[in-house]
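Below is one structure, written out as structure tokens; the observations come after it.
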DNA sequence: ACAAAAGTGTTAAAATTACACCCATGG
DNA sequence: CCATGGGTGTAATTTTAACACTTTTGT
């Protein structure tokens with residue numbers, strides 16, 4: 001069970017993946033996705049929470065992405081890996097890296113990330129739970145832009161994204177503005193419930 | 001590990017799911033998806049083959065759908081279930097039932113099928129491996145129509161489906177016709193490689 | 001006034017859907 | 001010649017994408 005722990009850093013407008021430096025076992029000293037072996041009868045969600053504890057991060061939710069079953073992925077022997085996502089606001093003890101600046105990772109974790117990134121990108125704006133956790137309760141269109149850019153690797157059109165936001169159920173634009181320094185201040189978007 | 005074993009019956013133009021009557025354990029006597037417990041280090045594909053052996057069916061390929069982890073799904077204790085699909089032409093020793101005429105099933109298998117059916121429907125025409133196994137090397141547009149109807153529960157528009165087929169890479173319409181009895185004979189579609 | 005940042009408007013292209021109409025075969 | 005099944009044509013609708021233009025702020 002490996003977790004893609006995501007954290008959106010509002011100040012820098014970067015989306016980062018939480019990595020964990022291994023201390024033991026194979027690939028000791030290298031960075032890896034936080035992961036644990038699934039205990040018999042354990043729920044995926046609980047295992048994800050255990051994995052996140054490795055980087056001192058809390059997150060109450062996680063969703064499953066895919067299951068990898070290549071027998072050679074772990075030199076200790078063949079194991080399944082269920083890849084899951086989680087979103088957090090804690091920075092914990094993790095090393096946080098952007099998707100576009102990923103260092104080498106232990107096991108087949110680069111492959112896992114490469115495989116899961118487009119899935120996460122596809123969930124943005126479509127999976128409201130996922131989306132809302134990433135954006136937080138309130139955000140600016142620029143944050144939305146940054147999130148999509150970080151996930152997909154390409155900056156979307158501002159105008160089109162504004163319309164996407166306007167069409168999202170549960171999301172409304174407030175009449176408040178937020179200034180970031182220079183330039184025209186942006187409108188604050190807020191989730192309803 | 002549970003397998004949704006699919007079989008397209010050309011003569012009746014029905015898509016059927018292979019079910020297995022349990023002889024032991026909980027739910028003995030009831031119908032269930034063929035499944036096995038994943039052995040340590042076993043590949044999903046191999047486990048699926050073992051499961052299919054329960055209904056005396058061979059199939060060289062399978063793909064994963066989702067993983068279910070509800071702890072109460074099996075009265076023997078909490079177990080994960082990776083749902084996978086497989087397509088076969090053998091009838092084996094299974095009970096074959098249409099999606100729309102599913103009897104009660106053991107465990108949470110009805111839920112699994114309900115959850116996976118739309119996923120399978122979404123794979124049709126998009127996942128060429130899956131699609132090709134269902135249709136066989138050659139088929140008529142009517143078979144395509146039947147497949148989509150059986151998977152989605154609604155008959156699509158014939159004209160639109162014809163165009164969908166025409167746009168599929170690797171698929172070509174031959175100049176051969178096939179008569180089914182009464183009515184105008186249909187054109188044979190064939191996969192290239 | 002100008003550059004930077006945010007937002008609106010308009011249009012083009014593509015995909016989805018719906019439906020009317022024409023063709024080929026068996027009785 | 002007509003019912004049945006198969007196929008083509010056309011148009012409306014919606015989605016996605018692209019790009020030009022306007023507004024608001026700080027310096």
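Residue numbers (this note's numbering), protein chains in the order written: chain Y, 1 to 193; chain U, 1 to 193.
Note that the Cβ used here is the ideal one computed from N, Cα and C, for glycine as well.
Inter-residue spacing [alpha-carbon to alpha-carbon] between residue i and residue j
{"i": "residue 174 (chain U)", "j": "residue 100 (chain U)", "result": "33 Å"}
{"i": "residue 165 (chain U)", "j": "residue 7 (chain U)", "result": "21 Å"}
{"i": "residue 146 (chain Y)", "j": "residue 146 (chain U)", "result": "44 Å"}
{"i": "residue 163 (chain U)", "j": "residue 144 (chain U)", "result": "12 Å"}
{"i": "residue 136 (chain Y)", "j": "residue 188 (chain Y)", "result": "12 Å"}
{"i": "residue 154 (chain Y)", "j": "residue 18 (chain Y)", "result": "21 Å"}
{"i": "residue 168 (chain U)", "j": "residue 191 (chain U)", "result": "10 Å"}
{"i": "residue 31 (chain U)", "j": "residue 105 (chain U)", "result": "5 Å"}
{"i": "residue 4 (chain U)", "j": "residue 113 (chain U)", "result": "8 Å"}
{"i": "residue 47 (chain Y)", "j": "residue 49 (chain U)", "result": "28 Å"}
{"i": "residue 149 (chain U)", "j": "residue 16 (chain U)", "result": "12 Å"}
{"i": "residue 76 (chain Y)", "j": "residue 180 (chain Y)", "result": "50 Å"}
{"i": "residue 176 (chain U)", "j": "residue 142 (chain Y)", "result": "57 Å"}
{"i": "residue 26 (chain Y)", "j": "residue 51 (chain Y)", "result": "17 Å"}
{"i": "residue 74 (chain Y)", "j": "residue 9 (chain U)", "result": "42 Å"}
{"i": "residue 61 (chain Y)", "j": "residue 12 (chain Y)", "result": "24 Å"}
{"i": "residue 185 (chain Y)", "j": "residue 134 (chain Y)", "result": "21 Å"}
{"i": "residue 183 (chain U)", "j": "residue 121 (chain U)", "result": "28 Å"}
{"i": "residue 39 (chain Y)", "j": "residue 38 (chain U)", "result": "14 Å"}
{"i": "residue 35 (chain U)", "j": "residue 72 (chain Y)", "result": "24 Å"}
{"i": "residue 88 (chain Y)", "j": "residue 88 (chain U)", "result": "44 Å"}
{"i": "residue 156 (chain Y)", "j": "residue 123 (chain Y)", "result": "15 Å"}
{"i": "residue 178 (chain Y)", "j": "residue 2 (chain Y)", "result": "37 Å"}
{"i": "residue 67 (chain Y)", "j": "residue 67 (chain U)", "result": "8 Å"}
{"i": "residue 107 (chain U)", "j": "residue 158 (chain U)", "result": "38 Å"}
Where residue i sits in the DSSP three-state scheme
{"i": "residue 82 (chain U)", "result": "strand"}
{"i": "residue 32 (chain U)", "result": "strand"}
{"i": "residue 101 (chain U)", "result": "helix"}
{"i": "residue 94 (chain U)", "result": "coil"}
{"i": "residue 2 (chain U)", "result": "strand"}
{"i": "residue 39 (chain Y)", "result": "coil"}
{"i": "residue 13 (chain Y)", "result": "coil"}
{"i": "residue 199 (chain Y)", "result": "No answer is possible for residue 199 (chain Y): it lies beyond the span of chain Y, which begins at 1 and ends at 193."}
{"i": "residue 119 (chain Y)", "result": "helix"}
{"i": "residue 57 (chain Y)", "result": "coil"}
{"i": "residue 194 (chain U)", "result": "Because chain U in this structure spans residues 1 to 193, residue 194 (chain U) falls outside the shown range and cannot be described."}
{"i": "residue 7 (chain Y)", "result": "strand"}
Span of the beta strand (DSSP E), counted from its first residue to its last, around residue i
{"i": "residue 46 (chain U)", "result": "Premise fails: residue 46 (chain U) lies in the alpha helix (DSSP H), 44-53, not in any beta strand (DSSP E)."}
{"i": "residue 63 (chain Y)", "result": "62-68"}
Option in the options with minimal Cα separation from residue i
{"i": "residue 79 (chain Y)", "options": "U:53, U:44, U:102, U:60", "result": "U:44"}
{"i": "residue 91 (chain U)", "options": "U:56, U:65, U:123", "result": "U:56"}
{"i": "residue 33 (chain U)", "options": "U:42, U:41, U:14, U:53", "result": "U:53"}
{"i": "residue 171 (chain Y)", "options": "Y:108, Y:49, Y:139", "result": "Y:139"}
{"i": "residue 129 (chain U)", "options": "U:29, U:1, U:59", "result": "U:59"}
{"i": "residue 20 (chain U)", "options": "U:75, U:42, U:102, U:46", "result": "U:102"}
{"i": "residue 98 (chain Y)", "options": "Y:84, Y:117, Y:63", "result": "Y:117"}
{"i": "residue 119 (chain U)", "options": "U:193, U:156, U:65", "result": "U:65"}
{"i": "residue 132 (chain U)", "options": "U:94, U:86, U:95", "result": "U:86"}
{"i": "residue 95 (chain Y)", "options": "Y:62, Y:122, Y:74, Y:29", "result": "Y:29"}
{"i": "residue 41 (chain Y)", "options": "U:123, U:115, U:69", "result": "U:69"}
{"i": "residue 160 (chain U)", "options": "U:11, U:178, U:125", "result": "U:125"}
{"i": "residue 14 (chain U)", "options": "U:184, U:182, U:151, U:71", "result": "U:151"}
{"i": "residue 22 (chain Y)", "options": "Y:72, Y:109, Y:67", "result": "Y:109"}
{"i": "residue 115 (chain Y)", "options": "Y:157, Y:89, Y:83, Y:127", "result": "Y:83"}
{"i": "residue 111 (chain Y)", "options": "Y:127, Y:93, Y:81", "result": "Y:81"}
{"i": "residue 127 (chain Y)", "options": "Y:193, Y:63, Y:24", "result": "Y:63"}
Residue i: CB within 7 Å of a non-hydrogen atom of the ligand COA
{"i": "residue 136 (chain Y)", "result": "No copy of the ligand COA appears in this structure; indeed no ligand is present at all."}
- alpha helix (DSSP H) runs contained entirely in the stretch 121-193 of chain U, provided each spans 4 or more residues: 128-135, 141-152, 158-167
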